[in-house]
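A.B. asks: Residues -20 to -1, 1 to 253 (mature numbering (1 follows the signal peptide of the UniProt record, and there is no 0)) make up the sequence shown, in order. Ideal placement from N, C-alpha and C gives every residue a C-beta, glycine not left out.
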Amino acid sequence: MALTTVVAGGLAATTTAAHAATIPVACSENALVAAVNLANSTSAPDTLVLASGCTYAMTSPHGGLANALPVITSRIEMLGPATVTRSSLLPFRIAEVSSKGSLTLTTGVAFTGGSVVGNGGGILNSGAVTLTVSSLTGNTATLNGGGLANADTPNGTAPAATFTRSQVSDNTALLQGGGIYNGVRGTLTTTGVTGSPLFVIGNVAGTQGGGIAANNSTATTLTDTAVTSNSAGLTAGGVHRSGGTMTTTNTPITANIPNNCVGSAPAVPNCTG
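Spelled out as structure tokens, the structure:
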């Protein structure tokens, strides 16, 4: 099989149509943007090896006016530990994943400080997002999903988000889902470890679902996940459910303000108060 070398922004990766590329990313905004553009230009999945301990301070949007990173249109994994944060007075989220794209954050990748006029302050997902031992912290959206929003998708490819041992904390949405919003037909799966849960904590929603809001979603599955100390302006400071399928296992929903899940219809499984 022929090898192809792709060059973008001073970065080079050798790949084939069937084999993934590994791309080291120097500790700079321009290097990260170039690496995402390079990964988007190939059909194979790519792993971006972020500079260990680096904070990638994004001073301007590079994916339209609303996204720090170029819109994710291919299969991209970011390997940490590293932080990607907005460092600007301009409002823009950290990343948007298209219906054809997938984004995986692995081993201590933190998306922080995103702020968007719209949905998904940290990540707006129309494709697939996976976080493993990573985090979404301190992001803000004027609509739904301060940390992450699975976009409402009445037809076509439905978005899916999977969190494994990945904290969602101190995010804000002015409407629903301060931490996470799982929209129409979306799939959300969160998994911790018995005795060491995944925390959805300290998030704020202006209306409902301070921690998590699920709106006519295909599936919301919470396992070994602690949804605690979140707040909402109206009701269901912890988890708000509006239709759809929801399953909770070993998932304490506690100490949320003004209540944990009141107002959900159907009720949130195994949630009281």
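Among Thr53, Leu154, Arg55 and Thr200, which one has its Cα closest to the Cα of Gly101?
C.D. replies: Within the sequence shown, residue 101 is the residue found at index 121, counting from 1. Among Thr53, Leu154, Arg55 and Thr200, the Cα nearest to that of Gly101 belongs to Leu154.
A.B. asks: What are the boundary residues of the alpha helix (DSSP H) that includes Asn10?
C.D. replies: For this step, residue 10 is matched to residue 30 along the sequence shown. Here the alpha helix (DSSP H) through Asn10 covers Glu9 to Asn20.
A.B. asks: At the level of alpha carbons, what is the spacing between Gly253 and Gly217?
C.D. replies: As a working note, residue 253 is residue 273 in the sequence shown. As a working note, residue 217 is residue 237 in the sequence shown. One C-alpha to the other measures close to 10 Å.
A.B. asks: Between the C-alpha atoms of Thr234 and Ala48, what's the straight-line distance to the nearest angstrom?
C.D. replies: As a first step, residue 234 must be located in the sequence shown, where it is residue number 254. As a first step, residue 48 must be located in the sequence shown, where it is residue number 68. Roughly 34 Å separates the two Cα atoms.
A.B. asks: Once DSSP output is grouped into helix, strand and coil, what is the label at Ile74?
C.D. replies: To locate residue 74, count along the sequence shown from 1; it is residue 94. Three-state result, Ile74: coil.
A.B. asks: Who are the Cβ neighbours of Ala31 in its own chain at under 7 Å, not counting the five residues just before and after it?
C.D. replies: As a first step, residue 31 must be located in the sequence shown, where it is residue number 51. The answer, listed in chain order, is Val5, Ala6, Cys7 and Ala62.
A.B. asks: For Asn151, which residues of its own chain have a beta-carbon under 6 Å away from its beta-carbon, when the five flanking residues on both sides are left out?
C.D. replies: Residue numbering aside, residue 151 sits at position 171 when the sequence shown is read from its first letter. Asn119, Gly126, Gly127, Gly158, Gly159 and Asn183.
A.B. asks: In the DSSP assignment, find the unbroken beta strand (DSSP E) run with Arg66 in it and report its ends.
C.D. replies: Against the sequence shown, residue 66 aligns to sequence position 86. Ala62 to Arg66 is the span of the beta strand (DSSP E), which, as asked, contains Arg66.
A.B. asks: Could you check which residue in Pro134, Asn135 and Asn105 has the C-alpha nearest to that of Tyr161?
C.D. replies: Counting from one through the sequence shown, the residue named residue 161 turns up at place 181. Considering only alpha carbons, the answer is Asn105.
A.B. asks: Does DSSP classify Leu123 as helix, strand or coil?
C.D. replies: What you label residue 123 is simply residue 143 of the sequence shown in a count that begins at 1. Leu123: coil per DSSP, three-state reduction.
A.B. asks: Step through the CB atoms of chain B and report whether any lies within less than 9 Å of the CB of Leu202.
C.D. replies: This model lacks chain B altogether, as it is built from one protein chain only.
A.B. asks: If you draw a straight line from the C-alpha of Thr117 to the C-alpha of Pro249, how long is it?
C.D. replies: Locating residue 117 in the sequence shown gives position 137, counting from the first residue. Locating residue 249 in the sequence shown gives position 269, counting from the first residue. One C-alpha to the other measures close to 26 Å.
A.B. asks: Report all residues from its chain with a CB closer than 7 Å to the CB of Lys80; omit the five preceding and five following residues, and keep chain order.
C.D. replies: Against the sequence shown, residue 80 aligns to sequence position 100. For Lys80, where only same-chain residues beyond five positions count, the Cβ hits under 7 Å are Thr53 and Gly107.
A.B. asks: Suppose the cutoff is 6 Å on Cβ atoms and the five residues either side in sequence are ignored; what does the same chain contact list for Thr229 look like?
C.D. replies: Along the sequence shown, read from residue 1 onward, the residue named residue 229 stands at position 249. Correct list, in chain order: Thr203.
A.B. asks: Cβ atoms of Thr65 and Gly98: under 9 Å apart, would you say?
C.D. replies: Counted from its first residue, the sequence shown places residue 98 at position 118. Counted from its first residue, the sequence shown places residue 65 at position 85. Not in contact: Gly98 and Thr65 (Cβ atoms no closer than 9 Å).
A.B. asks: Check for me: the beta strand (DSSP E) holding Thr208 runs from which residue to which?
C.D. replies: Taking the first residue of the sequence shown as position 1, residue 208 is located at position 228. Looking at the DSSP string, the run of the beta strand (DSSP E) that includes Thr208 is Thr205 to Thr208.
A.B. asks: Take Thr35 and list the residues in its own chain whose beta-carbon comes closer than 7 Å to its own, dropping the five residues that flank it on each side.
C.D. replies: If you number the sequence shown from 1, residue 35 lands on position 55. Around Thr35: Thr63 and Thr65.
A.B. asks: Straight-line CA distance for Ser114 to Val51?
C.D. replies: Locating residue 114 in the sequence shown gives position 134, counting from the first residue. Locating residue 51 in the sequence shown gives position 71, counting from the first residue. Answer to the nearest angstrom: the Cα atoms are 20 Å apart.
A.B. asks: On the criterion of 16 or more Cβ atoms from any shown chain inside 10 Å, does Ala247 qualify as buried, or is it exposed?
C.D. replies: In the sequence shown, counting from the first residue as 1, residue 247 sits at position 267. Exposed: under 16 other Cβ atoms inside 10 Å.
A.B. asks: Indicate the three-state DSSP secondary structure (helix, strand or coil) for Thr198 in the structure shown.
C.D. replies: Stepping through the sequence shown from its first residue, residue 198 is reached at position 218. Residue state, collapsed to three classes: coil.
A.B. asks: Could you tell me which whole beta strand (DSSP E) segments of length 3 or greater appear in the stretch 89 to 138?
C.D. replies: Segments of the beta strand (DSSP E) lying fully in the stretch 89 to 138: 89 to 92, 103 to 105, 108 to 112, 115 to 117 and 128 to 130.
A.B. asks: Is it buried or exposed for Thr245, if we count other Cβ within 10 angstroms and need 16 for buried?
C.D. replies: What you label residue 245 is simply residue 265 of the sequence shown in a count that begins at 1. Position check: residue 245 holds Ala in this sequence, whereas Thr was assumed. It is exposed - the Cβ of Ala245 has fewer than 16 other Cβ atoms within 10 Å.
A.B. asks: Excluding five sequence neighbours on each side, which residues of the same chain lie with their C-beta closer than 8 Å to the C-beta of Val173?
C.D. replies: If you number the sequence shown from 1, residue 173 lands on position 193. Hits under 8 Å: Arg145 and Asp204.
A.B. asks: Once the 5 residues before and after Thr231 are set aside, which same chain residues still bring their CB inside 6 Å of it?
C.D. replies: Translated into the one-based positions of the sequence shown, residue 231 becomes position 251. Same-chain partners within the cutoff: Leu202 and Thr205.
A.B. asks: Pull up the DSSP beta-bridge partners for Ala141, would you.
C.D. replies: In the sequence shown, counting from the first residue as 1, residue 141 sits at position 161. DSSP, once it has assigned bridges, lists Val109 and Leu168 as partnering Ala141.
A.B. asks: Of the choices Asp26, Asn195 and Gly189, whose alpha-carbon is the least far from that of Val164?
C.D. replies: The sequence position of residue 164 within the sequence shown is 184, counting from 1. The shortest C-alpha separation from Val164 is found at Asn195.
A.B. asks: Find the nearest neighbour of Tyr167 within the set Ala19, Pro238 and Asp132, judged by alpha-carbon distance.
C.D. replies: Looking up residue 167 in the sequence shown gives position 187. Correcting the residue identity first, residue 167 is Thr in this sequence and not Tyr. Here the closest residue by C-alpha is Asp132.
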